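Only one structure is covered here, and it is reproduced in the block below.
The following block contains the structure:
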């Protein structure tokens with residue numbers, strides 16, 4: 001078993017990196033890019049941010065718990081992983097297709113519609129987003145190093161390719177490419193540990209019900225983190241969404257730092273639950289609470 005405090009520290013550093021790099025890039029972007037183009041980007045990104053969780057279908061939260069319960073059994077791991085991967089592949093393709101059709105026929109989008117496609121492509125690659133496997137395996141050190149490398153690469157790309165007020169398409173491409181590369185690296189890393197197995201269609205359908213419930217529970221916060229931004233995108237000035245997005249993103253990132261250290265205990269608790277070690281669950285929960293209270 002990996003040290004829970006080391007995991008918490010790695011998770012904390014990941015969240016800090018996610019705060020530091022936007023603080024470096026945002027002043028540069030707001031100075032270089034035209035306000036209108038940056039507003040169009042944030043509008044398109046708001047819609048993409050709404051679609052991506054739908055493509056994910058609640059698999060991230062569900063997968064961490066499901067894999068943690070069976071991670072001592074190789075056959076069960078392969079079964080659960082394959083089942084969730086196939087479902088994710090289907091939901092990613094279907095959701096992206098619906099989104100692209102919606103954007104294509106939406107006549108209200110008159111400026112830089114290509115941004116919606118570039119940012120929306122992230123939804124198509126959600127099936128590669130298997131960070132839940134790394135979290136279930138408690139590979140937080142890998143997540144930390146990967147995040148650091150990707151963030152540095154993103155920073156270099158922004159300074160190299162975003163140099164004029166009209167470079168909004170290169171910027172959107174960098175952001176989407178960074179996300180997809182992040183997914184791909186996680187997939188390649190964890191694929192060494194698992195193998196695909198055949199899953200019957202009926203089993204995929206059975207798993208859809210709890211996943212639908214998880215989708216609703218895990219993304220209920222979209223009601224107050226995305227809908228307000230969507231309303232603002234319909235405002236008279238495209239600059240409003242940029243101001244609001246930057247401010248709300250900072251608040252959300254800080255909140256993730258506070259919750260991230262506690263979330264690292266979920267895989268361990270899921271493992272104990274799978275082993276039906278209920279006394280250890282109680283002891284571990286108390287230990288984790290006291291550890292972070294005293295630190």
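Numbering (the working numbering), first residue to last: 1 to 295. Glycine residues also receive a C-beta, built at the ideal position from the N, C-alpha and C atoms. The structure presented is a predicted model; accordingly, all values stated were derived computationally and were not measured.
With contact defined as three or more Cβ pairs closer than 8 Å, the segment 150-166 and the segment 196-207 are not in contact.
The Cβ-Cβ distance between residue 150 and residue 173 does not fall below 8 Å. Runs of the alpha helix (DSSP H) lying entirely within the segment 67-127 and spanning at least 4 residues, in chain order: 74-105, 114-124.
Secondary structure at residue 161: helix, using DSSP grouped into helix, strand and coil. Residue 111 is classed as exposed because its beta carbon has fewer than 16 other beta carbons within 10 Å across all chains shown. The DSSP-derived three-state label of residue 196 is coil. In its chain, beyond the 5 residues on either side, 119 have a beta carbon closer than 7 Å to the beta carbon of residue 45. In the structure shown, residue 34 adopts coil according to DSSP, grouped into three states. As the crow flies, the alpha-carbon of residue 135 is around 9 Å from that of residue 143. For residue 182, the enclosing alpha helix (DSSP H) stretches over residues 168-190. If you look at residue 207, you'll find it in the alpha helix (DSSP H) that goes 201-218. In the three-state reduction of the DSSP assignment, residue 57 falls in the coil class.
Here DSSP, grouped into helix, strand and coil, assigns residue 131 to helix.
It is roughly 35 Å from the alpha-carbon of residue 7 to the alpha-carbon of residue 170.
The residue from 20, 187, 219, 165 with its alpha-carbon nearest to that of residue 35 is 165. The Cβ atoms of residue 77 and residue 207 lie no closer than 8 Å to each other. With contacts defined as CB atoms closer than 8 Å, residue 123 and residue 66 fail to qualify as a contacting pair. With respect to the 8 Å criterion, residue 241 and residue 39 are classified as neighbours on the basis of their beta carbons. Less than 8 Å separates the beta-carbon of residue 128 from that of residue 184. Classified as buried, residue 139 has 16 or more neighbouring CB atoms from the shown chains inside 10 Å of its CB. Counting only residues of its own chain and dropping the five nearest sequence neighbours on each side, residue 47 has no CB closer than 6 Å to any other CB. Distances from the alpha-carbon of residue 98 to those of 130, 43, 50, 141 put 50 closest.
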